[in-house]
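Q: If you scroll down you'll find the structure; I have some questions about it.
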Amino acid sequence: MPRMSTISSIGIGALLSLILCGCSNSETGSAEPTDEPPNPQPSASSAPTGSGETPDSEELEPCSLLSLSDIEEFGSFQPPAEKKTGGLRHCAFIGERQNGESGRIPSIGVGIRESSVGEAVDVGLGVEEATFNSREAALIPDPDGGCIIALALTETSRVDVGVTGIDTEEACQLVEQVTEIVEPRLPGGN
Amino acid sequence: MPLELNSGEGFQTAVARSVSALNAEVIAQTRAETKKLVDSAESGGFRISPEGVEPLKQALARMQERLDSLAYTTIFALKQEPKLGSHAYGKTVANHSLKGAVEDPGSASMVIEKLRNILEDAGKALDLAVANYLEHEHGIAQTLKRRNI
């Protein structure tokens, strides 16, 4: 059940029109104000680091947020690899090619970044502000084949869920499905 | 001691810049040559047995996997590096770093995309060459059959 209100309302058609015209979408750029306090408290049911504490992004392990079995329905992936690239601590699930398989296959990543959702970088198709399960979020489509959903963790940190390797439209559809798995596991959700 | 680059730039930025440095002309040339391979295979110009093509297909798949990994790192991690600050110098440096990964016509992600296309063309040429081989083999079998050999 998709719960990304703004992104769902934009739809992939609108995303495509963004890709085609290369302009920003003035109608859907407004974020829904969240009811959360600046430092959202983790909920008792979903917080991996214990309830009742302010989420600590540095304690959150990216590979604890997604497993191979979570994504097996989306394709074949190499075992998760925890990495640090620049300011991103991430868990990479690179697509696995079976028997010389060619063509486009998805790779999936989950990462923690010490910067806010508001600092999401426009890589050519705009940044769509949104909410995902009432959590501040942003959709970042990439014209070179990929899509990221950034989810607020604290005021100064976020969790990025990304899909690369396939067409932008397809990547944005898949990343929403993966985010539905990851978001409930984050501290500070509803 | 971790690697420190004399230029003072981050390792990943340097990698992105190196990938970007691949000459666009060379890539275009390779693409054109691979297209010729596809054209040749389409017109029956060369053929290869299913057994013979296997290691070549495996090699192409390994190369594709390397590109999958590079594209992942570039698109998921590098392109989202935050700007260095709102002051003019920070903006200049951040923009310069990002340029190599994102904006230039020879940017890392665009180069990766072009290399992907080349590998796809090469794979297509091999598929056609196998089809040619099977067709040729079938033709020979039919001829032998007609001659009762």
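Listed in order, the protein sequences are those of chains A and B.
Numbering that gives the first Met the number 0 puts the first residue of the first sequence at 0, with every later residue one more than the last.
Numbering that gives the first Met the number 0 puts the first residue of the second sequence at 0, with every later residue one more than the last.
Glycine included, each C-beta is placed from N, C-alpha and C at the ideal position.
Predicted model only: the values in this text are computed from it and were never measured.
Between the beta-carbon of P105/A and the beta-carbon of V160/A, is there less than 8 Å?
A: Your numbering for residue 105/A matches position 106 in the first sequence. Your numbering for residue 160/A matches position 161 in the first sequence. Not in contact: P105/A and V160/A (Cβ atoms no closer than 8 Å).
Q: Pick helix, strand or coil for A170/A, following the three-state DSSP scheme.
A: Against the first sequence, residue 170/A aligns to sequence position 171. Looking at A170/A - three-state DSSP - the assignment turns out to be helix.
Q: Taking Cβ-Cβ distances shorter than 7 Å, what residues in chain A pair up with G122/B?
A: As a position in the second sequence, residue 122/B is number 123, starting the count at 1. Residues of chain A passing the Cβ test: S101.
Q: The alpha helix (DSSP H) that contains V158/A, what's its start and end?
A: Taking the first residue of the first sequence as position 1, residue 158/A is located at position 159. Where V158/A is concerned, there is no enclosing alpha helix (DSSP H), although the beta strand (DSSP E) it sits in stretches over S156 to T163.
Q: Report the residue from S133/A, N132/A, I148/A and E100/A whose alpha carbon sits nearest the alpha carbon of I139/A.
A: Sequence index remark: in the first sequence, residue 139/A carries index 140 (1-based). Cα-wise, what sits closest to I139/A is I148/A.
Q: Write down the C-beta distance between S115/A and E154/A rounded to the nearest angstrom, noting that I regard them as a contact closer than 8 Å.
A: Against the first sequence, residue 115/A aligns to sequence position 116. Against the first sequence, residue 154/A aligns to sequence position 155. Correct: roughly 6 Å between the Cβ atoms.
Q: Tell me the DSSP secondary structure of R134/A in three-state form.
A: The residue given as residue 134/A occupies position 135 in the first sequence. Here R134/A sits in strand by DSSP.
Q: Strictly under 8 Å for the Cβ-Cβ distance: is P81/B near chain A by that measure?
A: The residue you call residue 81/B lines up with position 82 of the second sequence. The beta-carbon of P81/B is placed less than 8 Å from the nearest beta-carbon of chain A.
Q: For G51/B, which of helix, strand or coil comes out of DSSP?
A: Here the question's residue 51/B lines up with position 52 in the second sequence. Assignment of G51/B by DSSP, reduced to helix, strand and coil, places it in the helix class.
Q: Just grab the DSSP bridge partners of C62/A for me.
A: As a working mapping, residue 62/A is identified with position 63 in the first sequence. DSSP, once it has assigned bridges, lists no residue as partnering C62/A.
Q: Tell me where the alpha helix (DSSP H) around E119/B begins and ends.
A: Residue mapping note: residue 119/B aligns to position 120 of the second sequence, counting from 1. Counting along the chain, the alpha helix (DSSP H) containing E119/B begins and ends at A107 to R145.
Q: Taking 8 Å as the CB-CB limit, is S50/A close to chain B?
A: The residue labelled residue 50/A in the question sits at position 51 within the first sequence. Legend: pLDDT at S50/A = 42, less than 50; position of this residue unreliable, no value from coordinates given.
Q: Under 6 Å Cβ to Cβ from L64/A, same chain only, skipping five residues before and after it: list those, please.
A: Sequence index remark: in the first sequence, residue 64/A carries index 65 (1-based). If we look at L64/A and ignore the five residues flanking it on each side, its Cβ neighbours are V109, V181 and R184.
Q: Can you say whether G102/A is buried or exposed, counting buried as having 16 or more other CB atoms within 10 angstroms of its CB?
A: On the first sequence, position 103 is the one that residue 102/A refers to. Burial call: exposed.
Q: Report, in whole angstroms, the separation of the C-beta atoms of A40/B and L133/B, which I expect to be a contact under 8 Å.
A: For the purposes of this step, residue 40/B is taken as the residue at position 41 of the second sequence. For the purposes of this step, residue 133/B is taken as the residue at position 134 of the second sequence. Contact doesn't hold; Cβ gap of about 13 Å is too wide.
Q: Residues of chain A with CB closer than 8 Å to the CB of M109/B, please, in chain order.
A: Translated into positions along the second sequence, residue 109/B becomes position 110. Per Cβ cutoff of 8 Å: D143.
Q: Do L77/B and T167/A have their C-beta atoms within less than 8 Å of each other?
A: Translated into the one-based positions of the second sequence, residue 77/B becomes position 78. Translated into the one-based positions of the first sequence, residue 167/A becomes position 168. Cβ atoms of L77/B and T167/A: not closer than 8 Å.
Q: Just to confirm, are E127/A and P81/B a CB contact at a threshold of 8 Å?
A: Residue mapping note: residue 127/A aligns to position 128 of the first sequence, counting from 1. Residue mapping note: residue 81/B aligns to position 82 of the second sequence, counting from 1. Taking 8 Å as the Cβ cut-off, E127/A and P81/B do not qualify as a contacting pair.
Q: Would you call G51/B buried or exposed, if buried means 16 or more other Cβ atoms sit within 10 Å of its Cβ?
A: Counting from one through the second sequence, the residue named residue 51/B turns up at place 52. The residue is exposed, with fewer than 16 neighbouring Cβ atoms inside 10 Å.
Q: Would T155/A pass as an interface residue toward chain B - the criterion being a Cβ-Cβ separation below 8 Å?
A: Along the first sequence, read from residue 1 onward, the residue named residue 155/A stands at position 156. Not an interface residue.
Q: Beta-carbon separation of A121/B and L69/B under 8 Å?
A: Walking along the second sequence from the start, residue 121/B turns up at place 122. Walking along the second sequence from the start, residue 69/B turns up at place 70. Not closer than 8 Å, so no.
Q: Roughly how many angstroms separate the alpha carbons of K123/B and F45/B, rounded to a whole number?
A: As a first step, residue 123/B must be located in the second sequence, where it is residue number 124. As a first step, residue 45/B must be located in the second sequence, where it is residue number 46. Distance between the alpha carbons of K123/B and F45/B is about 13 Å.
Q: Rounded C-beta distance between I74/B and G145/A? I'm assuming under 8 Å.
A: Here residue 74/B corresponds to residue number 75 of the second sequence, with the count starting at 1. Here residue 145/A corresponds to residue number 146 of the first sequence, with the count starting at 1. Indeed they touch by this definition, with Cβ atoms about 4 Å apart.
Q: Taking a contact to mean a Cβ-Cβ separation below 8 Å, would you say K113/B touches R30/B in this structure?
A: For this step, residue 113/B is matched to residue 114 along the second sequence. For this step, residue 30/B is matched to residue 31 along the second sequence. Yes, Cβ-Cβ distance for K113/B and R30/B is below 8 Å.
Q: Which residue or residues does DSSP assign as beta-bridge partners of F92/A?
A: By 1-based counting over the first sequence, the position of residue 92/A is 93. In the DSSP output, where bridge partners are listed per residue, F92/A has I107/A.
Q: According to DSSP, what are the bridge partners of L150/A?
A: As a working mapping, residue 150/A is identified with position 151 in the first sequence. In DSSP, L150/A forms a bridge with A136/A and V158/A.
Q: Taking CB distances under 8 Å as the criterion, tell me whether S56/A reaches chain B.
A: Start at 1 with the first residue of the first sequence, and residue 56/A comes out as number 57. Between S56/A and chain B, the shortest Cβ-Cβ separation is not below 8 Å.
Q: Apply the 10 Å Cβ neighbour rule to S108/B and answer buried if 16 or more other Cβ atoms are within range, or exposed otherwise.
A: Here residue 108/B refers to the residue found at position 109 when the second sequence is read from its first residue. Looking at its Cβ environment, which holds 16 or more other Cβ atoms inside 10 Å, S108/B is buried.
Q: Hey, does D69/A have any beta-carbon neighbour from chain B nearer than 8 Å?
A: Residue 69/A sits at position 70 when you count from the first residue of the first sequence. D69/A does not count as touching chain B.
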